[in-house]
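S.K.: Protein chains in written order, with UniProt numbering: chain X, 1 to 514; chain C, 1 to 359. Every residue gets a Cβ at the ideal spot worked out from N, C-alpha and C, and that includes glycine.
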Amino acid sequence: MKSDSDNFLEIKRHEMKMQQKKYELKQQVFVMQQQIKQRQEDKLFYMSLVCHLSGIHLEKVMQMKESLSTVFQSQSNSIKSQNPSSGYASFSKFSNGYVSNLDKKVFWSCGSRLFSSSQEAVTCDGLTVDGIVANDWLILDESESDWKSHASAIAQSICLIKKRLKWKKLKVRLEMLSYQVEKPDLWDDPVHAGKISREHGSLMGKMKEVNGLEQELIEHIDMIKLAREENDPDLESESVKALLRMRQNVKEKELEALLAGEHDSCSCYIEVQAGAGGTESMDWAGMVMQMYKSWAQRRGYGVTVVDEMCGEIAGIKRATVRVDGEYAYGYAKAEVGAHRLVRISPFDSAKRRHTSFAAVAVTPILGDGSHHVQINESDLKIERYRSGGAGGQHANVTDSAVRLTHIPTGITAACQNQRSQHQNKASAMAVLQSRLDQREMARQAQMNAQYSESLTDNSWGNQIRSYVLHPYRMVKDLRTSYESSDPDSVLEGEINDFILSFLTDSMDKENDEE
Amino acid sequence: MNLTSLVRTSHITRTFTHSIKPISSSSSVSLSHTPTSLNPKPKTPLYLKPPIYTTSLSSLKKFQKWAKTLSSSVNASFKDSSNLHQELNWLLQDSLQNPNILQTHEENDNLVALRLKLDDLYDLWTQRIEKRRPFQYIVGCEHWRDLILSVEEGVLIPRPETELIVDLVNDVIKGGGENGDLGNGLWVDLGTGSGAIAIGIGRVLGDLGRVVGVDLSDVAVRVASYNVERYNLQDKISIKQGSWFEPLSEFKGQVAGLVSNPPYIPSGHIDGLQPEVGRHEPILALDGGDDGMSDLLHICNGAASMLKSGGFLAFETNGEDHCRFLFDHMETIHKESFCNLKIVPDFAGIQRFVTGFRS
């Protein structure tokens, strides 16, 4: 076993090495900064460059320093704090020690600008967003027009958004992506490159949006303080109003942050399948499908029935609809699982109470180029179904339903809503692609412990919600305990609250566990 | 039909070697066959008509309800074509300027723009149910592959099975290889009807590829030409009137590919056909003689002299018996002429097509 002093030396050596590396990087940054100044490139480019050059290494140094400070608290007097936000500041301070051979003034300005993108927004009197939250100001109603209430509410929202976006992970991921994006051989594999640069762009956007919110909040507060000093009530009330607007907007952003998953913004397929129990459960499956159709239409999504197998007497055996629109998958994925109905069955002449189930599956429609599975035509069994007889010139039918079976996996997809066989096949192919992608993502997620917890919620057989029409009337989500005593409106598509409560619940729970 | 445009494009002449005449040189002959102003213009499909009529949303919903009731009252007798619910949706889709309007649950007196009179909608649906008039004639079009083809009485409604011929041709063209550049050669569709196969192939051929569609029927030639123009393929596809190879004598031995969906129903089966087919579709396009093979054999025999070496052929048949017979016929009688013969099933698993190459 190594002694403490050995450990200490090793870590010190490592730290030296990292600092050396840091120094080299800083020089690079400096040279590039000069070049950029000359070229007068826009600010955006500058920011991304800074992220790429400094980000990943910086993060490593910060982590190293954090772990050091916990192990060797007595020796860590050079390390000011475990708080990563102040860590950046302390880093810029000690980095100055290595620039003695350069013009300190120039380098310091470089350093401070270098970290402006990741440094916290601070008011002129040193108030930060975290600081506002920590102050724990009393939050009054929006109508009170009290700037401290507004500011505190906004700051809390920003913290929630950061939590939902998994801010720390997002930063690390973004740094890794930035590093990859700048690799010269990235575009050797255009498909991979496309994925990387898309994800980079989207994370960058989120990062900027949140930083922008923080900046905006701080600026408004500064304005209010300035207005008070200058005794300018117009400016003050204007700024308080701006804060109020922000307080209202940021609530929406909280919701958006719930849908930060990689595929949440996609359109999707919703599939409903009747459980055992004959006509009663087929009728129930039909009701569930209708609930989603109405929900999607109310949200302004496009709804197309792709495949529908009706029950003999009522309802459906199964059906698949395509839901087109932004965040369709992000919302609908909250509905995956078994839905249970308890009622007096209208199909039972003895008027007994029945319990039936309908299973719901949701798969995302990934954009071209982001598929996880490549389908070989030779792996497909293509069948025309619901057709009988001699076919060809003998028959004039308008039905050209096609079913595809992916032989290696046994996964099937069917389509019958299109007016030509060719298009039914193309449409079934899209469903198959979506199902295979989903399957592959699930497989990858299983291997990747990071996602395993979210996966458990998504299995097809889990009962997630119960709809009781008799002897009492109640819809209850078994995951969140959210309930409604108005089953009729729920079945007419009023399921937003159920979806949001689940998303909020699962996401905030998941993040707390970290 | 605009065959003069074929003359204008100089590269067409390059398609064929100098020894053969360009496709247009005989057009004066075939033009004399083409219908003149005596014949009415092809009918415009419903979905392309201008939405100049209006009705209230509630009247439209009333029609929808009536039509549903009417179809469910007869559903049992429809057996093979019990897709009436879907057909009604499609009819409304084609009739309305904004089909989404029917998704609302409201019923009000707001005006809805229609492409035909509401009375005509009632009339058409009655024809569909009581006269068993094919849905495709009612809306004046058939969705086939990614095409929407104009169809009317007198033209066979292209079948879903036939779509596969275009896939077979596409595979051969994209396969390339030992048979040379078939995609830039001359293709022939015998008995083109609405022009479906000709247009399907025209869209997968290379820049220099050309298609000639042949049909005996006046109406078919008119409708096919109209469809070719609607897809702006008149520089690539010409429609000629005549019986099978008759208008093609100049292309003997030069054809890169020959496809056909000829009449193949045995005469004895015609009476027992589904009412939509037997009562409404042109018998000329259906009746294939006593055993249904007479046109197939005629085409098969002629194909040997039309195709150039390495040329491709694909025929649609009545099913397994036809396929076997044709396959054996080609393998024995035309042993020297054809090679790589294959029988290809349709998506319903019925052996439907015979394909092969000219040796």
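Who pairs with X/Leu255 in a beta bridge, going by DSSP?
M.R.: In the DSSP output, where bridge partners are listed per residue, X/Leu255 has none listed.
S.K.: Mind checking if C/Trp125 is an interface residue toward chain X, Cβ cutoff 8 Å exclusive?
M.R.: no
S.K.: Using Cβ-Cβ distances below 7 Å, what residues of the region 394-418 of chain X are close to chain C?
M.R.: His394, Ala395, Asn396, Val397, Thr398, Asp399, Ser400 and Val402
S.K.: Could you pull out every residue in the same chain whose Cβ sits closer than 7 Å to the Cβ of X/Val122, ignoring the five residues on either side in sequence?
M.R.: Taken in chain order, the residues that qualify are Thr128 and Ile218.
S.K.: Does X/Met64 come out as helix, strand or coil in the three-state DSSP assignment?
M.R.: Only weak support is given to the placement of X/Met64: the predicted model assigns it a pLDDT of 46, under 50, and the value that follows is read from those uncertain coordinates. Residue state, collapsed to three classes: helix.
S.K.: Using CA atoms only, rank isn't needed, just tell me which of C/Leu96, C/Trp125, C/Gly193 and C/Arg159 is closest to C/Lys49.
M.R.: C/Leu96
S.K.: Do the region 344-360 of chain X and the region 282-289 of chain X make contact, defined as three or more Cβ pairs closer than 8 Å?
M.R.: yes
S.K.: Going by beta-carbon coordinates alone, are C/Gln234 and C/Asp215 separated by less than 8 Å?
M.R.: no
S.K.: Rounded to whole angstroms, what is the Cα-Cα separation between C/Phe312 and C/Leu124?
M.R.: In this structure, the CA atom of C/Phe312 is about 42 Å from the CA atom of C/Leu124.
S.K.: Does X/Ser489 come within less than 8 Å of chain C when only Cβ atoms are used?
M.R.: no
S.K.: Starting from the C-beta of X/Ser434, find all residues in its chain whose C-beta is less than 6 Å away, skip the five residues before and the five after it, and write them out in chain order.
M.R.: Tyr269, Thr363 and Ile365
S.K.: For the region 141-155 of chain C, list every residue whose C-beta sits within 7 Å of some C-beta in chain X, in sequence order.
M.R.: Taking 7 Å as the Cβ-Cβ cut-off against chain X, the residues of the region 141-155 of chain C that qualify are His143, Trp144, Arg145 and Asp146.
S.K.: Entirely within the region 162-212 of chain C and at least 3 residues each: give me those beta strand (DSSP E) ranges in chain order.
M.R.: 186-190
S.K.: Would you tell me roughly how many angstroms separate the C-alpha atoms of X/Gly388 and C/Asp346, rounded to the nearest one?
M.R.: Cα-Cα distance, rounded: 13 Å.
S.K.: Tell me the residue span of the beta strand (DSSP E) that contains C/Gln351.
M.R.: Gln351 to Arg358
S.K.: So which residues of chain X does C/Asn318 contact, with C-beta pairs closer than 9 Å?
M.R.: Ala390, Gly392, Gln393 and His394
S.K.: Examine chain C for any beta-carbon lying closer than 8 Å to the beta-carbon of X/Ser420, and answer yes or no.
M.R.: yes
S.K.: C/Asp295 and C/Asn266 - do their beta-carbons sit closer together than 8 Å?
M.R.: The amino acid at residue 266 of chain C is misidentified as Asn; the sequence shows Pro. Not a contact, by the Cβ cut-off of 8 Å.
S.K.: Which residues in chain C sit within 9 Å of residue 561 of chain X, going by Cβ to Cβ distance?
M.R.: An answer regarding residue 561 of chain X cannot be provided, because it is not within the stretch 1 to 514 covered by chain X.
S.K.: When you compare each of X/Gly367, X/Arg164 and X/Leu243 to X/Ser143 by their alpha carbons, which one comes out closest?
M.R.: X/Leu243
S.K.: With DSSP as the reference, label C/Lys335 as helix, strand or coil.
M.R.: coil
S.K.: Assess contact between the region 154-167 of chain C and the region 108-124 of chain C, defined as three or more Cβ pairs (one per stretch) separated by less than 8 Å. Is contact present?
M.R.: no
S.K.: Can you tell me whether X/Glu214 is buried or exposed, with buried defined as 16 or more other CB within 10 angstroms of its CB?
M.R.: buried
S.K.: Quick one: which unbroken alpha helix (DSSP H) runs of 4-plus residues sit fully inside the region 254-288 of chain C? Chain order, please.
M.R.: 275-278
S.K.: Got a sec: is the Cβ-Cβ distance from C/Glu161 to anything in chain X below 8 Å?
M.R.: yes
S.K.: On the three-state DSSP scale, how would you describe X/Pro364?
M.R.: strand
S.K.: Identify which residue in C/Glu107, C/Glu276 and C/Pro275 has its Cα closest to the Cα of C/Lys61.
M.R.: Out of C/Glu107, C/Glu276 and C/Pro275, C/Glu107 has the C-alpha closest to the C-alpha of C/Lys61.
S.K.: Report yes or no: do three or more beta-carbon pairs, one from the region 306-324 of chain C and one from the region 377-397 of chain X, lie closer than 8 Å?
M.R.: Flag = yes, the region 306-324 of chain C and the region 377-397 of chain X touch.
S.K.: For a minimum of 3 consecutive residues, which ranges assigned as the beta strand (DSSP E) are wholly contained in the region 288-325 of chain C?
M.R.: As for any beta strand (DSSP E) of minimum length 3 sitting wholly inside the region 288-325 of chain C, the runs are 307-316, ordered along the chain.
S.K.: Shortest alpha-carbon distance to X/Leu380 belongs to which of X/Lys425, X/Thr480, X/Ala332 and X/Asp324?
M.R.: X/Lys425
S.K.: Between C/Leu70 and C/Asn110, what straight-line distance do the alpha-carbon atoms span, to the nearest angstrom?
M.R.: 25 Å
S.K.: Kindly list the residues whose CB is nearer than 7 Å to the CB of X/Gly55, restricted to its own chain and excluding five residues on each side of it in sequence; keep chain order.
M.R.: Note that X/Gly55 scores a pLDDT of 43, beneath 50, so its modelled location is shaky and nothing firm can be said.
S.K.: Using 10 angstroms around the beta-carbon of X/Thr70, count the other beta-carbons present and answer buried if the total reaches 16, otherwise exposed.
M.R.: Unreliable positioning characterises X/Thr70 in this predicted model, as indicated by a pLDDT of 44, which lies under 50. The coordinate reading is nonetheless provided below. Exposed.
S.K.: Pick from C/His329, C/Glu246, C/Glu250 and C/Asp181: whose alpha carbon is nearest that of C/Val354?
M.R.: Ranking the options by Cα distance to C/Val354, first place goes to C/His329.
S.K.: Return helix, strand or coil for X/Ile224, following the three-state DSSP convention.
M.R.: Helix.
S.K.: X/Ser178 lies in the alpha helix (DSSP H); which residues open and close that run?
M.R.: Trp167 to Val181
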